[in-house]
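*Asks:*
In the working numbering, the protein residues as written are -1 to 451.
Here it is in structure tokens:
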């Protein structure tokens, strides 16, 4: 199994460096909805256990996390059921991080939903190797359906030459979202270099404004700084070689330097207090932006649709963004981005008695009626030829299209066990509980142990 994982991550590294270059149109993810707790993860009937409903001959349960705009998926499901009256679909909308726990528990208990959301990469690969997902290749090949999508969007869900998920939600990359009115008030302009960004941060702090909003209770939010700094300092090869065990190490000086730069920001007071206890899913970091207490937040471009839903006035009057700046002297290409060209995918569990109907339902989520709804909500559908009349969305599309490399989120690239180690070390690093050297060593030792080195 370790060898299988190693081979997969080596393939994924190659795919990230080759397929993702120049992708000109793709998708964006969102956060979630009604809170789900660990206590209810085993409750509710799965497709495997529930084969009939009172209204139809076929029952499909469907879990997703698009809580900011659940009506988009619901509209697609309603149209599917209208066209297929013998099928009954039950939709569950969950919050981002509770969903991650719930799907793990459901898979482990053998009662997953028919259709489930995935980010691809390591977590999905684990389900594939355990026989818990349906090979969608025959469906994707039928009538050349896969040709509908940007090729790079399929790389995160393609293992051993087979396709295991359908890209739906959008292309997502991390950028700095900022309050342009605050920038104007203090005569600031979007920085092009790291030193310029730190100068902006110092000016904001001197004027009583929190430079960077951060809600890091769920740990992945802080990782964006680290991933970008590693890429800017050393290029994508440094992480790829360490992750695939092809001559690299997580104790490389680049990882340590990235940690040092982060802790300098923390020590300078550039983040809000108590960030490790705040929850991004419930909007605690965004509230700092809405209230004018903070000026910037590094976040994926799902931020646009989230803010458009939560606070349309702020999104229209105050919100703008700029790409992660270059680091002077770094080996990484400043055009590189961190994210994915296929953020949220939908897969079919092998426990589902009705894979044909489940796959057909998924196609409604990204059909010609759904695409305009997703685009209007601030998302970038991962289909070929997509262009947006929304200037912000088109700028994101252009950033992805011009990127020399797209670094997949570490916690989605790595095997789940190592992804958790990464997130834990990030929270501790930002919390000044460990040194940059200790963070690097923790990741390297965990990776070496995982591969039995």
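We treat Cβ as the ideally placed atom computed from N, Cα and C, and that holds for glycine.
Nearest-angstrom Cα distance between residue 57 and residue 65?
*Replies:* Along the chain shown, one-based indexing puts residue 57 at 59. Along the chain shown, one-based indexing puts residue 65 at 67. Our two residues, residue 57 and residue 65, have alpha carbons roughly 22 Å apart in a direct line.
*Asks:* Tell whether a beta-carbon distance below 8 Å holds between residue 335 and residue 401.
*Replies:* For this step, residue 335 is matched to residue 337 along the chain shown. For this step, residue 401 is matched to residue 403 along the chain shown. Contact: yes.
*Asks:* What residues are listed by DSSP as bridge partners for residue 165?
*Replies:* Numbered from 1 along the chain shown, position 167 holds the residue referred to as residue 165. Answer by DSSP bridge pairing, in chain order: 343.
*Asks:* At a cut of 8 Å, does the region 267 to 284 reach the region 203 to 220 through at least three beta carbon pairs?
*Replies:* yes
*Asks:* Less than 8 Å between the C-beta atoms of residue 329 and residue 232, yes or no?
*Replies:* In the chain shown, residue 329 corresponds to position 331, counting from 1. In the chain shown, residue 232 corresponds to position 234, counting from 1. Cβ distance < 8 Å, so residue 329 and residue 232 count as in contact.
*Asks:* With respect to the beta strand (DSSP E) encompassing residue 481, which residues constitute its N-terminal and C-terminal limits?
*Replies:* What is shown of the chain runs -1 to 451, which leaves residue 481 out entirely.
*Asks:* Hey, would you say residue 395 sits closer than 8 Å to residue 298, going by beta carbons?
*Replies:* The residue given as residue 395 occupies position 397 in the chain shown. The residue given as residue 298 occupies position 300 in the chain shown. Going by C-beta atoms, residue 395 is not nearer than 8 Å to residue 298.
*Asks:* Using the C-alpha atoms, what's the distance from residue 321 back to residue 377?
*Replies:* Your numbering for residue 377 matches position 379 in the chain shown. Your numbering for residue 321 matches position 323 in the chain shown. Distance between the alpha carbons of residue 377 and residue 321: 17 Å.
*Asks:* With a 10 Å radius around its C-beta and 16 neighbouring C-beta atoms as the bar for buried, classify residue 111 as buried or exposed.
*Replies:* For the purposes of this step, residue 111 is taken as residue 113 along the chain shown, with counting starting at 1. Buried: at least 16 other Cβ atoms inside 10 Å.
*Asks:* To which residues of the same chain is residue 379 closer than 7 Å at the C-beta, ignoring the five residues directly before and after it?
*Replies:* As a first step, residue 379 must be located in the chain shown, where it is residue number 381. For residue 379, where only same-chain residues beyond five positions count, the Cβ hits under 7 Å are 25, 168, 364, 369, 372, 373.
*Asks:* Within this structure, are the beta carbons of residue 166 and residue 359 separated by less than 8 Å?
*Replies:* One-based indexing of the chain shown puts residue 166 at position 168. One-based indexing of the chain shown puts residue 359 at position 361. No, they are not a contact pair.
*Asks:* Helix, strand or coil for residue 111, going by three-state DSSP, please let me know.
*Replies:* Here residue 111 is taken as the residue at index 113 of the chain shown, counted from 1. In the structure shown, residue 111 sits in coil (DSSP, three-state: anything other than H, G, I, E or B).
*Asks:* Can you tell me the Cα-Cα spacing of residue 280 and residue 304, whole angstroms?
*Replies:* To locate residue 280, count along the chain shown from 1; it is residue 282. To locate residue 304, count along the chain shown from 1; it is residue 306. For residue 280 and residue 304, the distance between alpha carbons rounds to 11 Å.
*Asks:* Can you give the Cα-Cα distance for residue 197 and residue 176, rounded to whole angstroms?
*Replies:* On the chain shown, position 199 is the one that residue 197 refers to. On the chain shown, position 178 is the one that residue 176 refers to. Distance between the alpha carbons of residue 197 and residue 176: 15 Å.
*Asks:* Going along the chain, which unbroken runs of the alpha helix (DSSP H) with 4 or more residues stay wholly within the region 147 to 235?
*Replies:* 178 to 183, 192 to 204, 218 to 232
*Asks:* Roughly how many whole angstroms lie between the Cα atoms of residue 151 and residue 300?
*Replies:* As a working mapping, residue 151 is identified with position 153 in the chain shown. As a working mapping, residue 300 is identified with position 302 in the chain shown. Spanning the two alpha carbons is a distance of roughly 16 Å.
*Asks:* What are the partner residues of residue 86, as DSSP defines its beta bridges?
*Replies:* Position 88 of the chain shown, counted from the start, is the residue given in the question as residue 86. Answer by DSSP bridge pairing, in chain order: 57.
*Asks:* Please report the distance separating the alpha-carbon of residue 444 from that of residue 416.
*Replies:* Translated into the one-based positions of the chain shown, residue 444 becomes position 446. Translated into the one-based positions of the chain shown, residue 416 becomes position 418. Cα-Cα distance, rounded: 7 Å.
*Asks:* Who are residue 317's beta bridge partners in DSSP?
*Replies:* Counting from 1 along the chain shown, the entry for residue 317 is found at position 319. In DSSP, residue 317 forms a bridge with 177.
*Asks:* Kindly list the residues whose CB is nearer than 7 Å to the CB of residue 50, restricted to its own chain and excluding five residues on each side of it in sequence; keep chain order.
*Replies:* Here residue 50 corresponds to residue number 52 of the chain shown, with the count starting at 1. Residue confidence for residue 50 is low, a pLDDT of 39 falling below 50, so the modelled location carries little weight; the figure read from the coordinates is stated next. Closer than 7 Å at the Cβ level, and outside the excluded window around residue 50, lie 57.
*Asks:* Is the region 430 to 444 in contact with the region 242 to 262, if contact means three or more CB pairs nearer than 8 Å?
*Replies:* yes
*Asks:* Is the Cβ-Cβ distance between residue 288 and residue 309 less than 8 Å?
*Replies:* Position 290 of the chain shown, counted from the start, is the residue given in the question as residue 288. Position 311 of the chain shown, counted from the start, is the residue given in the question as residue 309. Yes.
*Asks:* For residue 449 and residue 224, what's the separation of their Cα atoms in angstroms?
*Replies:* Indexing the chain shown from 1 puts residue 449 at position 451. Indexing the chain shown from 1 puts residue 224 at position 226. So the two alpha carbons sit approximately 23 Å from each other.
*Asks:* Among the candidates 71, 79, 429, whose CA atom is the shortest distance from the CA of residue 262?
*Replies:* Translated into positions along the chain shown, residue 262 becomes position 264. Answer by Cα proximity: 429.
*Asks:* Decide if residue 315 is buried, meaning its Cβ has at least 16 other Cβ atoms within 10 Å, or exposed.
*Replies:* Locating residue 315 in the chain shown gives position 317, counting from the first residue. Residue 315 should be labelled exposed.
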